[in-house]
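*Asks:*
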Amino acid sequence: MSDKEIVHMSTNKGDLTIEIYKKEAPITAGNFLDLVKRGFYNNLTFHRFEPGFVVQGGDPEGNGTGGFVDPETKTERRIKLEINPKLKHDEVGVIAMARSNQPDSASCQFYFCLDALPFLDGQYAVFGKITKGLETLQQLRRGDKMTKVYIETAKS
Numbered sequence: 000m001s002d003k004e005i006v007h008m009s010t011n012k013g014d015l016t017i018e019i020y021k022k023e024a025p026i027t028a029g030n031f032l033d034l035v036k037r038g039f040y041n042n043l044t045f046h047r048f049e050p051g052f053v054v055q056g057g058d059p060e061g062n063g064t065g066g067f068v069d070p071e072t073k074t075e076r077r078i079k080l081e082i083n084p085k086l087k088h089d090e091v092g093v094i095a096m097a098r099s100n101q102p103d104s105a106s107c108q109f110y111f112c113l114d115a116l117p118f119l120d121g122q123y124a125v126f127g128k129i130t131k132g133l134e135t136l137q138q139l140r141r142g143d144k145m146t147k148v149y150i151e152t153a154k155s
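Quick note on numbering: numbering that gives the first Met the number 0 labels position 22 of the sequence shown as 21, and the sequence is numbered without any gaps.
#1: Looking only at its own chain, which residues have a Cβ that is under 7 Å from the Cβ of Lys65, when we skip the five neighbours before and after it?
#2: With 8 Å set as the bound, which would you pick, yes or no: does the beta-carbon of Glu18 sit closer than that to a beta-carbon of chain B?
#3: Given this structure, state the Cα-to-Cα distance separating Ser155 from Lys21, to the nearest angstrom.
#4: Can you tell me which of Thr27, Gly132, Tyr149 and Ile78 puts its alpha carbon nearest to the alpha carbon of Lys12?
#5: Report yes if the C-beta distance between Ile78 and Ile129 is below 8 Å; otherwise report no.
#6: What is the DSSP secondary structure of Ile26, reduced to helix, strand or coil?
#7: Could you have a look at Lys79 and say whether DSSP puts it in helix, strand or coil?
#8: By the three-class DSSP mapping on this structure, what secondary structure does Ser9 have?
#9: Under 8 Å between the Cβ atoms of Phe126 and Gly56?
Here it is as structure tokens:
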């Protein structure tokens, strides 16, 4: 079993290849990968764009208020805040989970850093980074869509 997983994200602006850190952030990476496997992110939009800060997406409501409701339990999934001091907001393309003011409130929303954001270290769970497609990331804006998100390395 590999320590990393590769996720491919097609958007209306181009493609992103994201390396997911399963070993370093097992809770957060596991949550994201489960949602990818379910097809949850397909056709969702990026609902937030802050130049020099972040592009955020993954909200089923499209406005920053929604979470993933598990079809079996009918409750919103929330995961424990998982901080790995080795994983930092240290470059463009880092992916981390968004959350409310409550530390253990992350569900399905994530953001990509548009710059190094060290002031977020220790507060939000970093779980990977873009390895291909930074030029696409720079073009993403509010309202842009993730057309298809899938795990590249899934071979059974």
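Glycine included, every Cβ here is placed at the ideal spot set by N, Cα and C.
*Replies:* Taking the coordinates as given:
#1: In the sequence under discussion, the amino acid at residue 65 is Gly, which differs from the Lys named in the question. Within the same chain, Gly65 has close Cβ partners Asp58 and Pro59.
#2: The structure shown has no chain B; it contains just one protein chain.
#3: With a pLDDT of 42 at Ser155, under the threshold of 50, the modelled position of that residue is not reliable, and no figure is offered here.
#4: Gly132
#5: no
#6: helix
#7: coil
#8: strand
#9: no
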